[in-house]
Structures are given as structure tokens and as C-alpha cells.
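K.L.:
Quick one: the structure is below, and I'll ask about it shortly.
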């Protein structure tokens with residue numbers, strides 16, 4: 004007796020993902036650019052933890068611009084943790100750019116997923132909140148698009164790693 008597998012949306016997407024091979028040069032550039040940008044953002048967080056207050060001039064204005072309306076700055080310790088996570092994310096994307104093993108690829112996919120979710124949620128929140136506060140304008144104009152662009156770069160690096168590993172195995 005022969006069983007016929009019913010095609011579903013998810014199985015079709017999985018087949019397309021396995022077949023898609025991004026241009027290696029583009030994927031390499033996207034991966035390294037995303038890794039460098041994540042490292043730079045980690046540096047900004049480190050500077051904030053050390054007392055730098057750009058794009059504000061004191062704690063209150065910095066919090067209004069990077070944390071949200073009516074918010075306070077997180078502690079220096081928490082900001083160091085965020086900087087460390089950003090360095091780890093940069094390392095994961097950079098590793099997936101050149102490494103064909105599963106762990107770097109999965110880590111880069113994780114970075115892409117987190118940043119993609121952050122970008123979509125941030126844009127949706129900004130639209131829902133309106134633009135009465137400077138934070139929501141910055142969210143829609145800078146933070147959400149940056150997260151989505153970094154997610155795309157991390158995803159390209161991860162998918163390129165997958166395609167390289169598939170060609171090695173096959």
C-alpha cells in the first residue's frame with residue numbers, strides 16, 4: 004500500500020528553504036556587515052554603561068530616546084549584559100558567515116529570529132502608540148528597520164552556511 008503525503012504550507016516552505024541558495028558573495032557581505040553592526044551596537048551599549056549619554060545629554064533624555072517614554076535607564080550591570088549578548092550575536096553571525104557547521108548556523112538563525120521579532124514588534128508598537136513621544140518616532144524610523152536589516156543579514160549568513168553544508172554533504 005502506497006501512502007501519499009499531503010503537501011502542507013510548512014512542508015512546501017521547508018522544501019523551498021532547502022533549495023534556495025543565496026549568492027555567496029552577497030551572503031558573505033551581509034553576514035560581515037551585520038556582524039560588524041552588532042559589534043558596533045555592543046560598543047554603544049558598553050559606552051552607555053560607562054556613562055556616555057548620547058543621543059541624550061543626561062539620564063532622563065537618554066532614557067526617553069532609547070528605552071521608551073516615562074522610563075528610566077537600566078542599571079549599568081544590565082547594560083553590560085546586553086552588550087555581551089550583542090557581542091555573542093555578532094560572533095554567531097560572523098561564524099555562520101564562514102563556518103558550515105550546524106551550531107554557528109543555528110545560532111545565526113536564532114539571532115535572525117530574535118532581531119526579526121524585535122523589529123516587527125517595535126514597528127507595530129510604534130504605529131499603535133502614535134508619535135507623540137520621540138521614542139516612537141525613533142523606533143519606527145531607526146530601531147525597527149535596523150533590527151529587520153540585521154535579521155536579514157543574519158538570515159542570509161545562516162542560509163548560505165546551510166547551502167554550503169548541503170553541497171559538501173551531497
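In my numbering, the protein residues as written are 4 to 173.
Backbone N, C-alpha and C define an ideal beta-carbon position, used for all residues, glycine too.
On a predicted model such as this, the values are computed, not experimentally measured, just so you know.
If you run the structure through DSSP and keep just helix, strand and coil, what is residue 51?
P.N.:
Indexing the chain shown from 1 puts residue 51 at position 48. Helix at residue 51.
K.L.:
Is it the case that the Cβ atoms of residue 68 and residue 59 are separated by a distance below 8 angstroms?
P.N.:
Looking up residue 68 in the chain shown gives position 65. Looking up residue 59 in the chain shown gives position 56. It is a contact, given that the beta carbons lie within the stated cut-off.
K.L.:
If contacts are defined as beta-carbon pairs under 8 angstroms, then residue 86 and residue 45 qualify, I think. What distance do you get, rounded to the angstrom?
P.N.:
On the chain shown, position 83 is the one that residue 86 refers to. On the chain shown, position 42 is the one that residue 45 refers to. Between residue 45 and residue 86 the Cβ distance is about 5 angstroms, and since that is below 8 angstroms, they are a contact.
K.L.:
Would you kindly work out how many angstroms separate the C-alpha atoms of residue 117 and residue 52, rounded to a whole number?
P.N.:
For this step, residue 117 is matched to residue 114 along the chain shown. For this step, residue 52 is matched to residue 49 along the chain shown. Taking the straight line from one Cα to the other gives about 23 angstroms.
K.L.:
Have a look at residue 152 and residue 166 and give me their C-alpha separation to the nearest angstrom.
P.N.:
Along the chain shown, one-based indexing puts residue 152 at 149. Along the chain shown, one-based indexing puts residue 166 at 163. C-alpha separation (whole angstroms): 21 angstroms.
K.L.:
Counting beta carbon pairs with one atom in the region 91-98 and one in the region 22-40, are three or more of them shorter than 8 angstroms?
P.N.:
Yes, the region 22-40 touches the region 91-98.
K.L.:
Whose C-beta lies closer than 8 angstroms to the C-beta of residue 39 among residues of the same chain, with five residues either side of it excluded?
P.N.:
Position 36 of the chain shown holds residue 39. For residue 39, where only same-chain residues beyond five positions count, the Cβ hits under 8 angstroms are 93.
K.L.:
Looking at the unbroken alpha helix (DSSP H) that takes in residue 106, where does it start and where does it end?
P.N.:
Position 103 of the chain shown, counted from the start, is the residue given in the question as residue 106. Segment 105-132, the alpha helix (DSSP H) holding residue 106.
K.L.:
For residue 163 versus residue 30, is the C-beta spacing smaller than 8 angstroms?
P.N.:
Sequence index remark: in the chain shown, residue 163 carries index 160 (1-based). Sequence index remark: in the chain shown, residue 30 carries index 27 (1-based). A contact, by the Cβ cut-off of 8 angstroms.
K.L.:
Go through the region 143-172 residue by residue and report every complete run of the alpha helix (DSSP H) that reaches 4 residues or more, in order.
P.N.:
Runs of the alpha helix (DSSP H) inside the region 143-172: 147-172.
K.L.:
Inspect the CB distances between the region 119-127 and the region 138-148 and report whether three or more fall short of 8 angstroms.
P.N.:
The region 119-127, when compared against the region 138-148, does touch it at the 8 angstroms Cβ threshold.
K.L.:
From the DSSP output, in three-state form, read off residue 27 for me.
P.N.:
Here residue 27 refers to the residue found at position 24 when the chain shown is read from its first residue. Note: residue 27 maps to helix in three-state DSSP.
K.L.:
Are there 16 or more other CB atoms within 10 angstroms of the CB of residue 70, so buried, or fewer, so exposed?
P.N.:
Against the chain shown, residue 70 aligns to sequence position 67. The residue is exposed, with fewer than 16 neighbouring Cβ atoms inside 10 Å.
K.L.:
Mind checking which residues open and close the alpha helix (DSSP H) that includes residue 89?
P.N.:
By 1-based counting over the chain shown, the position of residue 89 is 86. Unbroken alpha helix (DSSP H) run through residue 89: 79-101.
K.L.:
What did DSSP end up calling residue 57 once you bin it into helix, strand or coil?
P.N.:
Counting from one through the chain shown, the residue named residue 57 turns up at place 54. In this structure, residue 57 counts as coil in the three-state DSSP scheme.
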